[in-house]
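A.B. asks:
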Amino acid sequence: MIDKALKGDTRYWIWLAFLLGVMTLGGLSYVQQFKYGLGYTGMSRDVSWGVYIAQFTFLVGVAAGGVMLVLPYYLHDFKAFGRITVLGEFMAIAAVSMCLMFILADLGQPARVLNVILHPTPNSMLFWDMIVLNGYLFLNIICGWVILNAEAKEVPPPKWVKPFVYISIPWAISIHTVTAFLYAGLPGRHFWLTAIMAPRFLASAFAAGPALLLICAMAMKKYANFDPGEKAVNKLCTIISYAAIANFFFIGLEFFTAYYSNIPGHMHTLDYLFFGLEGHDNLVPFMRFSMVLGLIATIAIMVPAVRRNDRYLVITCAALFLALWIDKGVGLVLGGFVPNPLEYITEYVPTFGELMITAGIWATGFFILTILYKVALAVDRQIHG
Amino acid sequence: MDIKRRKFLKLAGLSAVAGIGAPSAFNMLLRGEVSASEGKPSGHGGGEGHGAASTTKYRYGIVIDVRKFASIKGLAGKCIKACHTIHNVPNYGNKKDEIKWVWVESYEHAFPEHSQYKRNERLHKLPILTMCNHCDNPPCVRACPTQATFKNKENGIIMMDYHRCIGCRFCMAACPYGARSFNWRNPREKDSQGRYRFLERINPDYPCRMRGVVEKCTLCVERIDRGQIPACVEATGNTGAMIFGDLNDPNSEISRVLRETFTIQRKPAVGTHPSLFYII
Ligand code: SF4
Ligand code: SF4
Ligand code: SF4
Numbered sequence: 000m001i002d003k004a005l006k007g008d009t010r011y012w013i014w015l016a017f018l019l020g021v022m023t024l025g026g027l028s029y030v031q032q033f034k035y036g037l038g039y040t041g042m043s044r045d046v047s048w049g050v051y052i053a054q055f056t057f058l059v060g061v062a063a064g065g066v067m068l069v070l071p072y073y074l075h076d077f078k079a080f081g082r083i084t085v086l087g088e089f090m091a092i093a094a095v096s097m098c099l100m101f102i103l104a105d106l107g108q109p110a111r112v113l114n115v116i117l118h119p120t121p122n123s124m125l126f127w128d129m130i131v132l133n134g135y136l137f138l139n140i141i142c143g144w145v146i147l148n149a150e151a152k153e154v155p156p157p158k159w160v161k162p163f164v165y166i167s168i169p170w171a172i173s174i175h176t177v178t179a180f181l182y183a184g185l186p187g188r189h190f191w192l193t194a195i196m197a198p199r200f201l202a203s204a205f206a207a208g209p210a211l212l213l214i215c216a217m218a219m220k221k222y223a224n225f226d227p228g229e230k231a232v233n234k235l236c237t238i239i240s241y242a243a244i245a246n247f248f249f250i251g252l253e254f255f256t257a258y259y260s261n262i263p264g265h266m267h268t269l270d271y272l273f274f275g276l277e278g279h280d281n282l283v284p285f286m287r288f289s290m291v292l293g294l295i296a297t298i299a300i301m302v303p304a305v306r307r308n309d310r311y312l313v314i315t316c317a318a319l320f321l322a323l324w325i326d327k328g329v330g331l332v333l334g335g336f337v338p339n340p341l342e343y344i345t346e347y348v349p350t351f352g353e354l355m356i357t358a359g360i361w362a363t364g365f366f367i368l369t370i371l372y373k374v375a376l377a378v379d380r381q382i383h384g
Numbered sequence: 000m001d002i003k004r005r006k007f008l009k010l011a012g013l014s015a016v017a018g019i020g021a022p023s024a025f026n027m028l029l030r031g032e033v034s035a036s037e038g039k040p041s042g043h044g045g046g047e048g049h050g051a052a053s054t055t056k057y058r059y060g061i062v063i064d065v066r067k068f069a070s071i072k073g074l075a076g077k078c079i080k081a082c083h084t085i086h087n088v089p090n091y092g093n094k095k096d097e098i099k100w101v102w103v104e105s106y107e108h109a110f111p112e113h114s115q116y117k118r119n120e121r122l123h124k125l126p127i128l129t130m131c132n133h134c135d136n137p138p139c140v141r142a143c144p145t146q147a148t149f150k151n152k153e154n155g156i157i158m159m160d161y162h163r164c165i166g167c168r169f170c171m172a173a174c175p176y177g178a179r180s181f182n183w184r185n186p187r188e189k190d191s192q193g194r195y196r197f198l199e200r201i202n203p204d205y206p207c208r209m210r211g212v213v214e215k216c217t218l219c220v221e222r223i224d225r226g227q228i229p230a231c232v233e234a235t236g237n238t239g240a241m242i243f244g245d246l247n248d249p250n251s252e253i254s255r256v257l258r259e260t261f262t263i264q265r266k267p268a269v270g271t272h273p274s275l276f277y278i279i
């Protein structure tokens, strides 16, 4: 079936060539990092995780977001998602692949990664995260690929895949819950030590994932004559808006707890992110921009006129995606390190090479996504003409 | 709590995670069998504030008398030098690559949660020697996905296996004391004349680390095994600035000092049960 990805117009090949170019630059930068060590990045003793882990965290959310299509389609028999559910599953595959690459890029000794399996350690949340992420990748490959294959042959999907589809639904929740536990269980990191970390992660995931999917679907509608269907688009918008509202509600709760309790440790990081702490305010413009942009986009996506206009819809989804990316893919992880446990402030600025590696991994993810969507599109065309 | 029972509880906890044997662990919780303090009145910190005693045979700790460090000039520097030369700790001369096992901290940074109104001038200037606390309940060990950082079953020391560490730095995020350092680059890098750039000389008796792994104070476990005391403690000579010993032995000097003197630990509220104590 993969041969379907080998036929495409010029635009398709230019896009793939562009991605390959970025992937090459990222790969070359990674060789540098591999030779020098992680000092190649902007990380330090005080800010010991940087953009890699932040991207990883965000992308786990994008992967989990795919379940917002699988669940209505399979559990509630919401037929309108029939054509795009597989897109959700394929997006999960691409996103989890990126997650695994970001983890690998962040390891000081990548060649030893198998130690996690050779010395299994159930008390470590990272161990569980590895299990659920790989499991989720496997589940989505099975569900997405087998079902699409059946569709291509115009036979009903085999019965044995159904249980996998149902397992994949709670599994999607689990990947983001366990990822939240990486942060929410650490003593002495006040900003992360919050019981609503997992729900917050899930809310932002269920907005960001479908938002990205909608952007892809709209792009395919414009360039490849693929119609996701008005009903499906409308439903997705509703899902996105509820999730985004929940996300901002949760952020509000964090603010309340910190500032009403007035406990310094709980206020410090929020101060740093949104107002600046003792003159350190690198992230303030980004965080404020993210908040304003996110709120505007959340309101916009509820407006019927926006939903009906493809261009407005894409802009709105992109704005929301960007806002959530800044909030989680930048502020959440980096903010947790400021101030450090001894209440010093060290700011982190990623290096150029680090950003190239990051771009390279994103490009790899989009490469996988493009190929998978191309196949899905070809099958879709074969069925729907 | 004896070792067998502790082990069983661990097992029960594990199987609860795995979803088997969950009812039994749950019942024990219901019956209040899983409690931090043994028969003592259970405050939020577990009776004495410190919680249950260690289950290892020995539990080594250090009492640091900060008053002595304040009055004897250069004493802290001597300790740091002793540790860092013996353990081949590189000196990069910049904050980004920095590796340190033991260092001097100011009072407000070492004890950020202790507040004093109109704080005594003396407190501001105190040199607080800080290093790994060899926590009895160590979050770094809990977080490590490979058991590359682990608690020595015999003596409770929190140790590192440099050959197993994958460099994920989860332990650094988990340590509430900033005690851990990462090798951001090759510590054994040489200049054009073949001299080590970041090490004055190499002590062949202690392993050099490779880049990409985490390291920290090991309480000189290699010396303790040989019957010696930690190098930093040794460097304080007979000043009495540092008292090293077995916390499990009621007759040890350190136990006596702890009973007779008012000492504090860093960040007691996070429940790590440090084995380092400070006399301010
Ligand atoms: S001080 Fe930090 S590194 Fe040392 S045992 Fe405690 S948590 Fe672990
Ligand atoms: S960096 Fe090494 S010691 Fe620390 S958690 Fe990861 S594997 Fe364990
Ligand atoms: S106990 Fe040993 S390793 Fe730890 S700081 Fe002292 S000399 Fe260094």
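The listed protein sequences derive, respectively, from chains X and V. Residues in the first sequence are numbered from 0 upward in steps of one, following numbering that gives the first Met the number 0. Residues in the second sequence are numbered from 0 upward in steps of one, following numbering that gives the first Met the number 0. Glycine included, every Cβ here is placed at the ideal spot set by N, Cα and C.
Quick check on DSSP: helix, strand or coil for M241 of chain V?
C.D. replies: Strand at M241 of chain V.
A.B. asks: Are there any heavy atoms of ligand 3 lying less than 8 Å away from the beta-carbon of V374 of chain X, as far as the coordinates show?
C.D. replies: No.
A.B. asks: Please report the Cβ distance between K327 of chain X and S203 of chain X, rounded to the nearest whole angstrom; I am assuming they are in contact, meaning their Cβ atoms lie under 8 Å.
C.D. replies: At roughly 6 Å, the Cβ-Cβ gap stays under 8 Å, so K327 of chain X and S203 of chain X are in contact.
A.B. asks: Would you check whether ligand 2 has a heavy atom nearer than 8 Å to the C-beta of G38 of chain X?
C.D. replies: False, no ligand heavy atom lies under 8 Å from that Cβ.
A.B. asks: If we define contact as Cβ-Cβ less than 9 Å, is Y176 of chain V a contact residue for chain X?
C.D. replies: Yes, Y176 of chain V counts as interfacial toward chain X.
A.B. asks: Let me check understanding here. Comparing Cα to Cα, which of V:A230, V:N182, V:P144, V:T238 lies closest to F68 of chain V?
C.D. replies: The candidate whose alpha carbon is nearest that of F68 of chain V is V:T238.
A.B. asks: With a cut-off of 8 Å on the beta carbons, I'd call V101 of chain V and M159 of chain V a contact; round off their distance for me.
C.D. replies: Incorrect: roughly 15 Å between the Cβ atoms, too far for contact.
A.B. asks: Alpha carbon to alpha carbon, how far is L354 of chain X from I63 of chain V?
C.D. replies: L354 of chain X and I63 of chain V: Cα-Cα distance of roughly 44 Å.
A.B. asks: Give a single yes or no on whether L218 of chain V has its beta carbon closer than 8 Å to a heavy atom of ligand 3.
C.D. replies: The answer is yes for L218 of chain V.
A.B. asks: Nearest by alpha-carbon distance to L15 of chain X: which of X:G107, X:F285, X:G364, X:A377 is it?
C.D. replies: The shortest Cα separation from L15 of chain X among X:G107, X:F285, X:G364, X:A377 belongs to X:G364.
A.B. asks: Below 8 Å on the Cβ atoms is my guess for I165 of chain V versus V131 of chain X; work out the distance and round it to an integer in Å.
C.D. replies: Contact doesn't hold; Cβ gap of about 18 Å is too wide.
A.B. asks: Tell me whether V213 of chain V sits in a helix, a strand or coil according to DSSP, three-state version.
C.D. replies: Correct three-state label for V213 of chain V: strand.
A.B. asks: With 16 other CB atoms within 10 Å as the buried threshold, where does G335 of chain X fall?
C.D. replies: Label assigned to G335 of chain X: buried.
A.B. asks: Keeping to the same chain, check which residues put their C-beta closer than 8 Å to that of G330 of chain X; ignore five residues upstream and five downstream.
C.D. replies: Excluding residues within five positions, the ones whose Cβ falls inside 8 Å are L272, L282, F285, M286, S289.
A.B. asks: Contact criterion: CB-CB distance below 9 Å. Does N339 of chain X meet it with respect to chain V?
C.D. replies: It does: the Cβ of N339 of chain X has a partner Cβ on chain V nearer than 9 Å.
A.B. asks: To the nearest angstrom, how far is it from the Cα of M301 of chain X to the Cα of V66 of chain X?
C.D. replies: Cα to Cα, the separation comes out at about 21 Å.
A.B. asks: Determine the contact status of G187 of chain X and V269 of chain V, defining contact as a CB-CB distance below 9 Å.
C.D. replies: Contact flag set, yes.
A.B. asks: Buried or exposed: where does S70 of chain V fall if 16 or more other Cβ atoms within 10 Å of its Cβ makes it buried?
C.D. replies: Per the 10 Å Cβ criterion, exposed.
A.B. asks: Could one say the Cβ of M171 of chain V lies closer than 9 Å to chain X's Cβ atoms, at least one of them?
C.D. replies: Closer than 9 Å: yes.
A.B. asks: To test your reading of the DSSP string, which unbroken alpha helix (DSSP H) runs of 4 or more residues are found completely within the region 118-166 of chain X?
C.D. replies: The qualifying runs are 124-139, 145-151.
A.B. asks: Answer yes or no: the CB of F169 of chain V versus the heavy atoms of ligand 2, is any distance below 8 Å?
C.D. replies: Because some heavy atom of ligand 2 lies under 8 Å away, the Cβ of F169 of chain V counts as near it: yes.
A.B. asks: Looking at the strands, I want to know which residues DSSP matches up with M159 of chain V.
C.D. replies: The partner list for M159 of chain V (beta bridge, DSSP) reads V:T148.
A.B. asks: Between Q115 of chain V and N136 of chain V, what straight-line distance do the alpha-carbon atoms span, to the nearest angstrom?
C.D. replies: Their backbone Cα atoms lie some 28 Å apart in a straight line.
A.B. asks: Bridge partners of K189 of chain V, per DSSP?
C.D. replies: In DSSP, K189 of chain V forms a bridge with V:Y195.
A.B. asks: Assuming E252 of chain V and I263 of chain V form a contact by the criterion Cβ under 8 Å, report the distance between their Cβ atoms to the nearest whole angstrom.
C.D. replies: Wrong, their Cβ atoms sit about 19 Å apart, outside the cutoff.
A.B. asks: Taking only the alpha-carbon atoms, compute the straight-line gap between R168 of chain V and A210 of chain X and give it to the nearest angstrom.
C.D. replies: One C-alpha to the other measures close to 32 Å.
A.B. asks: Any residues in the region 44-62 of chain X with a beta carbon nearer than 8 Å to a beta carbon of chain V? Which ones, in chain order?
C.D. replies: Within the region 44-62 of chain X, the qualifying residues are R44, D45, S47, W48.
A.B. asks: Within 10 Å of its beta-carbon, does I13 of chain X have 16 or more other beta-carbons around it, so buried, or fewer, so exposed?
C.D. replies: Answer is exposed; the Cβ neighbour count stays below 16.
A.B. asks: Note down the Cα distance separating A94 of chain X from L136 of chain X, rounded to an integer number of angstroms.
C.D. replies: Going from the Cα of A94 of chain X to the Cα of L136 of chain X covers about 9 Å.
A.B. asks: Here's a check: name, in chain order, each residue in its chain whose Cβ is nearer than 7 Å to the Cβ of F89 of chain X, leaving out the five neighbours to either side.
C.D. replies: Correct list, in chain order: G143, L368, L371, Y372, A375.
A.B. asks: Measuring CB to CB, does A358 of chain X end up less than 9 Å from L24 of chain X?
C.D. replies: Yes; because the gap between Cβ atoms is below 9 Å, this pair is in contact.
A.B. asks: Can you tell me whether DSSP reads M42 of chain X as helix, strand or coil?
C.D. replies: Reduced to three states, the DSSP call for M42 of chain X is coil.
A.B. asks: Of all the options X:R10, X:I262, X:A53, X:K3, which has the alpha carbon lying nearest to the alpha carbon of P349 of chain X?
C.D. replies: Answer by Cα proximity: X:A53.
A.B. asks: In the DSSP assignment, the beta strand (DSSP E) including E104 of chain V goes from what residue to what residue?
C.D. replies: Where E104 of chain V is concerned, the enclosing beta strand (DSSP E) stretches over 101-104.
A.B. asks: If you measure from each CB to the nearest heavy atom of ligand 1 and keep those under 6 Å, what residues do you get, in chain order?
C.D. replies: In chain order, the qualifying residues are V:C131, V:N132, V:H133, V:C134, V:P137, V:P138, V:C139, V:I157, V:C174, V:Y176, V:A178, V:R179, V:K215, V:T271.
A.B. asks: What does DSSP give as the partner residue(s) for Y277 of chain V in the beta ladder?
C.D. replies: Bridge partners of Y277 of chain V: V:I63, V:I263.
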